[in-house]
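Here's the structure we're looking at; comments come further down.
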Amino acid sequence: MFNFKILIFIYIIFFSPNLMATPKTEKATFAGGCFWCMEGPFESLPGVISVVAGYSGGKEFYPTYQEVSRGKTGHRESVQIEFDSSKIRYEELLTVFWNQIDPTDNGGQFADRGNQYRTGIFYHNQTQKKAAEKSKREISESKKFPGSIVVEIIPFTSFYPAEDYHQNYYKTNSEQYKKYKKYSGREDYLEKMCRQR
Numbered sequence: 002m003f004n005f006k007i008l009i010f011i012y013i014i015f016f017s018p019n020l021m022a023t024p025k026t027e028k029a030t031f032a033g034g035c036f037w038c039m040e041g042p043f044e045s046l047p048g049v050i051s052v053v054a055g056y057s058g059g060k061e062f063y064p065t066y067q068e069v070s071r072g073k074t075g076h077r078e079s080v081q082i083e084f085d086s087s088k089i090r091y092e093e094l095l096t097v098f099w100n101q102i103d104p105t106d107n108g109g110q111f112a113d114r115g116n117q118y119r120t121g122i123f124y125h126n127q128t129q130k131k132a133a134e135k136s137k138r139e140i141s142e143s144k145k146f147p148g149s150i151v152v153e154i155i156p157f158t159s160f161y162p163a164e165d166y167h168q169n170y171y172k173t174n175s176e177q178y179k180k181y182k183k184y185s186g187r188e189d190y191l192e193k194m195c196r197q198r
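Here the numbering used here is used: the first residue of the sequence shown is 2, the next is one more, and so on.
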């Protein structure tokens, strides 16, 4: 009887798919203007493991905020999302992304101007590329936005986490963040677009 219990225990530990299942983790990287405003909407989603603010798309190695903010590095403020694709689909992340930006603005986002604030979807594989292209086409065909959809779909090359004081800024500096979001014009724009949906 004792040996039988041991065999059952070993079977459960090593062969049970529920116990041994590991998350199907993937990464998604989006540039949506100021990265402070992009963390919260993704962090609240079930299946999202982490959201990191940082810099993507440029040629400089390990850029600092000061370097990126001068607009000379080619990097854009971005967020990189680690997610469990068995719990949330990449397409759902794309929907959240589109709902946080003005996709017709090619010069930045809201009060933040310059290449470092331009939007972009950095795809990590061909599946993400196809999903991003499809979502952009659907947004364009919906005619919800007055103007061309200018969000670039770009192959992912690198991501550098921003300095610690930028991470979770919407939580750690909530009052300043709320003022920034309001006076940047982002909040009013997103509320207006939400009412039109």
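Each residue gets a CB set at the ideal place from its N, CA and C atoms; glycine is no exception.
For residue i, is the classification buried or exposed, using 16 other Cβ atoms within 10 angstroms of its Cβ as the cut-off for buried?
| i | result |
| --- | --- |
| Gln177 | exposed |
| Thr96 | exposed |
| Lys183 | exposed |
| Arg187 | buried |
| Cys38 | buried |
| Asp165 | exposed |
| Glu27 | buried |
| Gln197 | exposed |
Check the C-beta distance from residue i over to residue j and give it rounded, since I have them as a contact under 8 Å.
| i | j | result |
| --- | --- | --- |
| Gln81 | Phe160 | 5 Å |
| Pro147 | Thr105 | 7 Å |
| Val52 | Phe62 | Incorrect: roughly 23 Å between the Cβ atoms, too far for contact. |
| Ser45 | Glu92 | Not confirmed; about 17 Å, so no contact. |
If we call anything under 8 Å between Cβ atoms a contact, is residue i one with residue j?
| i | j | result |
| --- | --- | --- |
| Arg77 | Gly58 | yes |
| Lys25 | Asp113 | no |
| Tyr190 | Gly41 | no |
| Val152 | Gln117 | no |
| Thr23 | Phe123 | no |
| Ile154 | Glu139 | no |
| Gly33 | Thr120 | yes |
| His167 | Tyr66 | yes |
Over what stretch of residues does the beta strand (DSSP E) that includes residue i continue unbroken?
| i | result |
| --- | --- |
| Phe31 | Thr26 to Ala32 |
| Arg77 | Arg77 to Asp85 |
| Phe62 | It is not in any beta strand (DSSP E) - Phe62 carries neither H nor E in the DSSP assignment. |
Going by the DSSP bridge assignment, what does residue i pair with across the sheet?
| i | result |
| --- | --- |
| Tyr161 | Tyr56 |
| Ala181 | As written in the sequence, residue 181 is Tyr, which differs from the Ala given in the question. Paired residue(s): none; Tyr181 is not in a bridge. |
| Glu93 | Answer is none; Glu93 lacks a bridge partner. |
So residue i is in the alpha helix (DSSP H); what residue range does that whole segment cover?
| i | result |
| --- | --- |
| Gly41 | Trp37 to Glu44 |
| Ile140 | Gln127 to Ser143 |
| Tyr124 | Segment Gly121 to Tyr124 is the beta strand (DSSP E) holding Tyr124; no alpha helix (DSSP H) there. |
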